[in-house]
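Mapping the sequence shown onto UniProt numbering, position 64 (from 1) lands on 64, and the numbers just tick up by one. In this text, a Cβ means the ideal position worked out from N, Cα and C, and glycines have one as well. A short write-up of the structure that comes next.
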Amino acid sequence: MDELEMDAITVTFGGLTALDDVGLQVGPRQVHGVIGPNGAGKTTLFNVACGFVQPDSGEVRRRGERIDSLRPRDLPALGMARTLQGLGLFDRMSVLDNVMVGADHHARSGFLGSLLALPRAGRDERALRDRARAVLDDLGVAAYADRYPPSLPYPVRKRVALARALVSAPDVLLLDEPASGLSAAEMDELGELVTALAATTSVLLVEHHMDLVMQVCTQITVLDFGRVIAQGVPEQVREDPAVLAAYLGEEVG
């Protein structure tokens, strides 16, 4: 059963059709890439998957169950997490506290318990702190746990944002252009990281760096003007005439 399925998704903004009957499936431990020229509808599709945009028609399903009314706050309870292009880190919170925000739904006693200083709330906070430190360590940025995002290099902040998504141990990870702003060497490291994540996590990757997409994805969906023009494994997509034409004749990859 697919971890995430989007079927016949149509989205309009005013008189503009941003997505027209778009569908894709993200299977277990699969990295499914979404690519396309600027304005193709990639960001809109990602926003539908995250619950930021509600489709005019179509269905979003999680393991076969419809989640059409998905909202971003619902993602953790569904075993999903996402990163955004803009990082979304809190400048006045430490790196560790930023990451803990992503794990907050694991705290059984919740926010009210923290306010009341209940014993279980204290145990939960310690457990969350340990979880956050472990994920930062896995991503090689534990040394920055007590620093604040504005003082960090951009690639480190990208890893912190990823740690905040991973700390909830999601089954489905939604990545919106994770390679933006990275050097070639940093992109190679990101590719290795995404490949390693796919051993336990399904990934929906929206990206415009073709080298990364071809390196890590097992399936690719290509959009152009809001419609699917190609789907398949990287080798099929690379050689598809419609894809080459969409990219103005430039080789993909």
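- Annotation for Val-194: the continuous alpha helix (DSSP H) segment containing it runs 184-197.
- The continuous alpha helix (DSSP H) containing Gly-102 extends over residues 95-103.
- Contact check for Val-172 against Gly-79 passes: the beta carbons are separated by less than 8 angstroms.
- In the structure shown, Val-167 falls within a coil segment according to DSSP collapsed to helix, strand and coil.
- Per DSSP, the unbroken alpha helix (DSSP H) holding Phe-46 starts and ends at 42-50.
- Beta-bridge analysis with DSSP links Arg-82 to Leu-174.
- Residue Thr-200 holds the alpha-carbon nearest to the alpha-carbon of Pro-28 among Gln-215, Ala-81, Thr-200 and Ala-8.
- For Met-6, the uninterrupted beta strand (DSSP E) run begins and ends at 4-13, by DSSP.
- Ranked by Cα distance from Pro-37, the first of Pro-149, Ile-229 and Glu-239 is Ile-229.
- Residue pairing of Gly-33 in beta bridges, as defined by DSSP: Leu-205 and Ile-220.
- In this structure Phe-90 is exposed. Its beta-carbon is surrounded by fewer than 16 other beta-carbon atoms within 10 angstroms.
- Val-156 is not a Cβ neighbour of Tyr-148, given a cutoff of 8 angstroms.
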